[in-house]
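Inspection log for the structure reproduced underneath, given as C-alpha cells.
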Amino acid sequence: MKVISIQSIGDSSVLKINKINKPSIVNDDDLLIKIEAASINPIDIKLRSGLYPIKKFPAILGCDGAGTIEKTGSMVKNFKKGDAVFFFHGGFENIQGNYAEYKVISEKFVAHIPKSLSFEEAAAAPLALITAWESLFFHAKIEKGSKIFINAGAGGVGHLAIQLAKSKGAIVFTSISNRDKENFVANLGADHIYNYKELDENEIQKNILELSNNEGVDISLDNVGGDEISNLISKTKNYGQIVTLLQPSSNIDWSLARFKNLKLSFEVMLTPQLYNLKAKQIEQTNILKKCSELFDSGKLKIHVDNILPIENIAQAHEIIEDGHAMGKIVIVT
Numbered sequence: 578m579k580v581i582s583i584q585s586i587g588d589s590s591v592l593k594i595n596k597i598n599k600p601s602i603v604n605d606d607d608l609l610i611k612i613e614a615a616s617i618n619p620i621d622i623k624l625r626s627g628l629y630p631i632k633k634f635p636a637i638l639g640c641d642g643a644g645t646i647e648k649t650g651s652m653v654k655n656f657k658k659g660d661a662v663f664f665f666h667g668g669f670e671n672i673q674g675n676y677a678e679y680k681v682i683s684e685k686f687v688a689h690i691p692k693s694l695s696f697e698e699a700a701a702a703p704l705a706l707i708t709a710w711e712s713l714f715f716h717a718k719i720e721k722g723s724k725i726f727i728n729a730g731a732g733g734v735g736h737l738a739i740q741l742a743k744s745k746g747a748i749v750f751t752s753i754s755n756r757d758k759e760n761f762v763a764n765l766g767a768d769h770i771y772n773y774k775e776l777d778e779n780e781i782q783k784n785i786l787e788l789s790n791n792e793g794v795d796i797s798l799d800n801v802g803g804d805e806i807s808n809l810i811s812k813t814k815n816y817g818q819i820v821t822l823l824q825p826s827s828n829i830d831w832s833l834a835r836f837k838n839l840k841l842s843f844e845v846m847l848t849p850q851l852y853n854l855k856a857k858q859i860e861q862t863n864i865l866k867k868c869s870e871l872f873d874s875g876k877l878k879i880h881v882d883n884i885l886p887i888e889n890i891a892q893a894h895e896i897i898e899d900g901h902a903m904g905k906i907v908i909v910t
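For reference, each letter of the sequence shown is one residue, going 578 to 910 in this note's numbering.
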C-alpha cells in the first residue's frame with residue numbers, strides 16, 4: 578500500500594511516498610480500514626521537525642483518519658464491512674499513523690461517521706473535537722451563562738470550541754487576525770470578536786471588563802501558548818480558570834494569577850495514547866459518538882479549509898506551519 582513516511586526529522590521535504598505491505602487483522606476485535614482521508618495537526622509538524630521525539634524510523638504520521646471498513650475480526654460486534662468510520666489513532670509512539678491507504682484498529686477506538694459528514698470532514702474532526710470537548714467539559718465544566726474567552730477562534734480547536742460553548746448557552750469572546758476570520762467566527766455564534774491586528778491588547782481587555790461587570794471572563798481557553806498566558810491572566814476573573822493546550826513561556830510572571838486565585842489546567846488529548854490508557858482512549862472515542870448527534874442536528878460543523886491529494890502532503894504541512902488556516906487541512910488517499 579502507499580504511505581507517506583519519514584526516515585529522519587527535518588522540514589516538509591522529508592515527507593516521502595513509499596510502498597509497504599498492507600496490514601492484516603491480528604486480533605478478533607480488529608477492523609481493516611481503507612483510509613479515505615486524514616487530517617494534518619500541529620503534532621504532526623512537531624514530530625516531523627524534531628520538537629517531539631520519534632522513537633523509531635521510518636515513521637508514518639497522522640493521528641486523525643476516516644475511511645471504509647474492508648474486513649472485520651471474528652469477534653467484532655458493532656461494525657460491518659462497508660461501514661464509514663472515523664477515529665483518532667496512531668501517528669506517534671510507534672503506532673502507524675493515517676498518512677496511508679490502510680490501517681488496522683480495534684473496534685473500541687472507532688466511531689461511525691455522522692450521516693451529515695463527508696469523509697474529509699470526519700477525518701478533520703477527532704483530535705480537535707476531543708481537545709475542545711475535554712477543555713470545556715472535563716476541565717472547565719462550562720455551563721449556561723458562563724463567559725469564556727477563546728483565542729485563535731478560527732483555528733481547528735477554536736472554531737469547534739466556540740460551537741460547543743454556544744451549545745451550552747455560554748457567552749463567547751474570541752480573538753482572530755483578519756476580517757475573513759471575523760466573519761467566520763461570527764457565523765459560528767461568537768458573541769464578542771476581537772481582531773488583535775487592529776486592536777491594542779489593552780483595548781481588548783478593557784472591553785472584556787466592561788462586558789463582564791468589571792470582573793473578566795469565567796474561563797479562558799488558550800490555543801496559542803507562549804507569552805499569551807499573561808494576557809489571559811488579565812482577562813480572567815478572580816477564582817476563574819485558564820485551560821491551555823500548549824506550553825506557557827518560562828518568562829510568565831505568575832504573581833497576578835496567584836493573587837487572583839486562578840486555576841490553570843493543561844489539556845493534552847494525546848495522554849491516553851502516550852501512556853496506553855485503554856479506558857481513556859475508549860472515553861475519547863465515546864466523545865466522537867456523542868458529537869454525532871450535534872453534527873447531524875446542525876448544532877456543530879467542522880470547517881475544512883483545504884483538501885489536498887496525499888501526494889501534496891508537504892504543501893499541507895506548510896499551510897499548517899504558516900499558521901493562517903481556518904479550520905482544518907485534510908489529505909485524501
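We treat Cβ as the ideally placed atom computed from N, Cα and C, and that holds for glycine.
Below 9 angstroms between beta carbons: does that hold for residue i and residue j?
| i | j | result |
| --- | --- | --- |
| Leu851 | Glu711 | no |
| Asp660 | Leu638 | no |
| Asp799 | Ser826 | no |
| Gln861 | Ile672 | no |
| Val881 | Glu698 | yes |
| His769 | Val749 | yes |
| Ile586 | Ser626 | yes |
| Ile819 | Ile806 | yes |
| Ser616 | Ala709 | no |
| Val909 | Ile879 | no |
| Gly733 | Ala763 | no |
| Lys593 | Gln584 | yes |
| Leu865 | Ser744 | no |
| Ser693 | Asp873 | yes |
Which residue's Cα is closest to the Cα of residue i: the options?
| i | options | result |
| --- | --- | --- |
| Leu765 | Gly730, Leu788 and Ile725 | Gly730 |
| Gly904 | Ile748, Ile884 and Tyr771 | Ile884 |
| Ala747 | Gly722, Leu741 and Ile612 | Gly722 |
| Ser842 | Gly802, Lys867, Pro635 and Asn863 | Gly802 |
| Asn604 | Lys648, Lys623 and Leu628 | Lys648 |
| Leu609 | Glu898, Pro849, Ile719 and Phe656 | Phe656 |
| Asp830 | Pro630, Gly674, Asn808 and Gly817 | Asn808 |
| Leu822 | Leu847, Ile753 and Asn828 | Leu847 |
Which stretch, first to last residue, makes up the alpha helix (DSSP H) that contains residue i?
| i | result |
| --- | --- |
| Asp621 | Pro619 to Ser626 |
| Gly735 | Gly733 to Ser744 |
| Leu814 | Looking at the sequence itself, residue 814 is Lys, so the reference to Leu does not match. Segment Thr813 to Thr821 is the beta strand (DSSP E) holding Lys814; no alpha helix (DSSP H) there. |
| Val762 | Arg756 to Leu765 |
| Pro849 | Thr848 to Leu851 |
| Leu833 | Ser832 to Phe836 |
What did DSSP end up calling residue i once you bin it into helix, strand or coil?
| i | result |
| --- | --- |
| Leu871 | helix |
| Ile596 | The question names Ile, but residue 596 is Lys in the sequence shown. Reduced to three states, the DSSP call for Lys596 is strand. |
| Leu841 | strand |
| Asp899 | helix |
| Asp607 | strand |
| Phe665 | strand |
| Ile581 | strand |
| Pro703 | helix |
| His716 | helix |
| Lys724 | strand |
| Ile631 | coil |
| Ser616 | strand |
| Ala688 | strand |
| Ala891 | helix |
| Ala709 | helix |
| Ala636 | strand |
Is it the case that the CB of residue i approaches a heavy atom of the ligand ZN more closely than 8 angstroms?
| i | result |
| --- | --- |
| Leu851 | Ligands are entirely absent from the displayed structure, and the ligand ZN is therefore not among its contents. |
By the DSSP assignment, the beta strand (DSSP E) with residue i in it spans what residues?
| i | result |
| --- | --- |
| Ile781 | Ile781 -> not in any beta strand (DSSP E); alpha helix (DSSP H) instead, spanning Glu778 to Glu787. |
| Ser683 | Tyr679 to Ser683 |
| Asn750 | Residue identity differs from the one stated: residue 750 is Phe in this sequence, not Asn. Where Phe750 is concerned, the enclosing beta strand (DSSP E) stretches over Ile748 to Ile753. |
| Ala643 | Asp641 to Thr649 |
| Leu885 | Val881 to Pro886 |
| Tyr771 | His769 to Asn772 |
| Leu798 | Val794 to Asp799 |
| Ile906 | Lys905 to Val909 |
Give me the Cβ distance between residue i and residue j, rounded to the nearest whole Å; I'm assuming they're in contact under 8 angstroms.
| i | j | result |
| --- | --- | --- |
| Val662 | Ala688 | 6 angstroms |
| Gln892 | Phe686 | Not a contact, Cβ separation roughly 29 angstroms. |
| Lys812 | Ile785 | 5 angstroms |
| Ala717 | Ile727 | With 8 angstroms as the limit, Ala717 and Ile727 do not qualify as a contact, their Cβ atoms being about 11 angstroms apart. |
| Asn618 | Asp588 | Their Cβ separation, rounded to whole angstroms, is 17 angstroms, which puts Asn618 and Asp588 out of contact at 8 angstroms. |
| Thr645 | Glu613 | 6 angstroms |
| Tyr676 | Val591 | 12 angstroms between Cβ atoms; not a contact. |
| Asp607 | Ile682 | 7 angstroms |
| Lys837 | Asn815 | 5 angstroms |
| Pro703 | Phe664 | 6 angstroms |
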